[in-house]
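To start, the structure under review is shown below, and the notes come after it.
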Amino acid sequence: MQKIEEYRSFYIETYGCQMNMAESNVLDSEFLKHGFRAAVKPEDADIVILNTCSVRKTAENRIWGRIGFYKHLKTERDLTLIITGCMAERLKEELKKKEPAVDLVIGTNDKIDIIHFLQKDASVSDEYSFASSYYKEGELSTFVPIMNGCNNFCSYCIVPYVRGREISRPVDDIINEIVTLSMKGVKEITLLGQNVNSYAYTSEDGSLVDFPALLKQIIKAVDSITWIRFMSAHPKDFSNELIDLIINEKKICSHVHLPMQSGSSDILKAMNRRYDAEKYYKIVERLRSSSEEITITTDIMVGFPGETEKDLDDTLLMMRDIGLTESYMYYYNPREGTASTSLPGQLSDGVKLERLQRVIDLQKNLTADYKRTTIGKTVTVLCDSISKKNQDEFVGHTEHNDRIVFKKEDNIHIGDILKMTVTEVIGTTLKGEIACPSKP
Ligand code: SF4
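Letter 1 of the sequence shown, counting from 1, is numbered 0 in numbering that gives the first Met the number 0, and no numbers are missing.
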């Protein structure tokens with residue numbers, strides 16, 4: 000392997016969740032800070048980092064394919080291949096044994112320190128280090144990690160095994176980071192973690208700060224952040240206090256991503272989700288008790304072992320009842336080492352795919368219905384950039400996270416928060432015009 004000072008350029012490939020994407024942003028900044036050059040394509044890089052995901056087998060298969068690609072590239076030129084993230088954590092040195100083209104395997108806890116790892120040949124750490132910032136220069140919207148890991152052990156999920164148990168980041172670290180981000184012009188933050196609403200940090204004076212208390216402290220400390228979002232929240236930890244905060248605090252967006260997974264209480268029990276359909280309905284009902292405007296997006300898994308047609312109907316019914324505006328939909332894929340692999344009633348891929356298609360079709364209709372209801376409404380918009388398709392238009396997104404395009408005007412600037420009226424829907428994109436008065 001080359002010595003670190005001989006490295007010139009790097010290339011990062013990212014798979015899986017938002018947390019991985021955010022952590023790749025940090026790695027990217029770290030490499031640049033240490034004088035490396037970002038390669039435009041992998042073929043030009045001296046170091047390639049695959050930031051992997053283990054949640055689905057299909058993701059791992061793709062990564063094996065990429066490792067094969069780099070193995071071939073290594074026969075032509077000098078290259079250091081580093082595998083990090085959940086797949087690295089799951090397979091550890093087995094990965095290197097199976098594929099000697101891999102030079103380094105770095106687990107999730109050490110991911111952020113890859114450069115130091117290369118420099119010092121550091122040993123594997125037992126502690127997760129939170130990135131100081133996921134921010135990229137010029138961003139208006141960014142992620143702020145508040146916790147890592149998960150204690151829930153849903154029966155299908157590998158995350159607690161590869162990311163470890165929950166660790167909550169110190170409150171002061173979080174607030175200081177958000178204050179710094181606001182000074183750099185950031186308008187929107189998404190608090191990030193596997194299970195944000197189980198955040199619990201014990202301060203030095205022994206007092207416990209939970210998720211609603213953290214939100215209150217952030218709102219109090221930082222005035223210039225316009226929007227606060229969070230993901231992912233777990234329905235079992237969704238307290239009434241949190242619901243009241245979402246309803247009453249203007250800075251917390253009226254859009255909640257609340258993973259339901261299934262609309263059937265029997266399946267939720269088999270998944271070890273520790274809430275039932277009734278609890279999920281109640282959360283949504285309470286969220287909307289003061290405003291029908293709160294939009295809900297979700298994650299849905301179909302084809303879990305033992306899922307019947309009736310269970311699937313319950314899921315479809317819940318989707319309709321709630322009027323989900325978007326869903327991340329996927330079918331059950333057994334992960335080695337998780338409890339659900341030994342459950343009876345495993346379904347064929349054919350059945351799973353057919354059910355997934357029904358869920359996707361319904362979601363398409365629900366999304367289209369929702370978008371139509373926005374026509375004529377006044378929405379709050381963050382102006383993100385100039386449209387790549389049409390230089391005379393701006394692109395932004397609404398508080399409900401809908402993409403919106405609108406005509407460029409001299410008195411509007413990127414980063415402005417605007418009041419707009421939705422005039423039209425094109426595909427899934429809204430079209431708007433400035434409402435009067437334009438700036439809230
Ligand atoms: S809550 Fe369940 S699905 Fe989410 S990360 Fe934890 S174990 Fe996995």
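C-beta atoms are modelled at their ideal positions from N, C-alpha and C, and glycine is treated no differently.
Could you tell me if residue i is buried or exposed, where buried requires 16 or more neighbouring beta carbons within 10 angstroms of its beta carbon?
i	result
Gly163	buried
Asp409	exposed
Asn239	exposed
Leu257	buried
Ser263	buried
Pro211	buried
Val195	buried
Ser53	buried
Trp226	buried
Gln260	buried
Ala269	buried
Met0	Note that Met0 has pLDDT 49, beneath the 50 cutoff, so the model's placement of it is unreliable and the number below is only indicative. By the neighbour-count rule (16 or more Cβ atoms within 10 Å), Met0 is not buried but exposed.
Tyr327	exposed
Thr340	exposed
Glu277	exposed
Ser122	With a pLDDT of 47 at Ser122, under the threshold of 50, the modelled position of that residue is not reliable, and the figure given next carries that caveat. Looking at its Cβ environment, which holds fewer than 16 other Cβ atoms inside 10 Å, Ser122 is exposed.
Lys370	buried
Leu117	buried
Leu440	The chain is shown only over 0 to 439; residue 440 falls outside these bounds and no answer can be derived.
Is the distance from the Cβ of residue i to the Cβ of residue j below 9 Å?
i	j	result
Arg354	Glu292	no
Thr107	Glu88	yes
Tyr10	Ala58	no
Arg228	Asn24	no
Lys183	Tyr134	yes
Glu22	Ile111	yes
Leu445	Ile282	No answer is possible for residue 445: the residues shown for the chain start at 0 and end at 439.
Met20	Gly192	no
Ile413	Ile385	yes
Asn271	Cys153	yes
Met318	Val358	yes
Ile374	Val301	no
Leu190	Ile217	yes
Ser181	Ile224	yes
Ile81	Val47	yes
Helix or strand or just coil, what does DSSP make of residue i?
i	result
Gly64	helix
Tyr160	helix
Lys70	helix
Lys406	strand
Asp448	Past the edges of the chain, shown from 0 to 439, lies residue 448, and the structure says nothing about it.
Asn50	strand
Thr13	strand
Pro144	strand
Ala121	With a pLDDT of 47 at Ala121, under the threshold of 50, the modelled position of this residue cannot be trusted; read the value that follows with caution. Ala121 falls in the coil class under three-state DSSP.
Glu413	Sequence inspection shows Ile at residue 413; the Glu mentioned does not correspond to that position. Here Ile413 sits in coil by DSSP.
Arg319	helix
Ile227	strand
Leu342	coil
Asp368	helix
Phe393	strand
Thr373	coil
His256	strand
Asn19	helix
Leu94	helix
Leu429	strand
Ala38	coil
Tyr330	strand
Leu80	strand
Ile289	Rather than Ile, the amino acid found at residue 289 in this sequence is Ser. Three-state DSSP puts Ser289 in coil, outside helix and strand.
With hydrogens ignored, establish whether the beta-carbon of residue i is closer than 8 Å to any heavy atom of the ligand SF4.
i	result
Arg371	no
Gln216	no
Gln193	yes
His233	yes
Asn151	yes
Val158	yes
Pro343	no
Arg334	no
Arg402	no
Pro304	no
Pro258	yes
Arg55	no
Arg272	yes
Compute the beta-carbon to beta-carbon distance between residue i and residue j, rounded to the nearest angstrom, for a pair I have assumed lies under 8 Å.
i	j	result
Ile246	Ser197	21 Å between Cβ atoms; not a contact.
Ser202	Val178	The Cβ separation is near 18 Å, so there is no contact.
Leu316	Thr296	Their Cβ separation, rounded to whole angstroms, is 18 Å, which puts Leu316 and Thr296 out of contact at 8 Å.
Say yes only if the C-beta of residue i is nearer than 8 Å to one or more non-hydrogen atoms of the ligand COA, and no if none qualify.
i	result
Cys85	No copy of the ligand COA occurs in the structure displayed; its ligands are the ligand SF4 alone.
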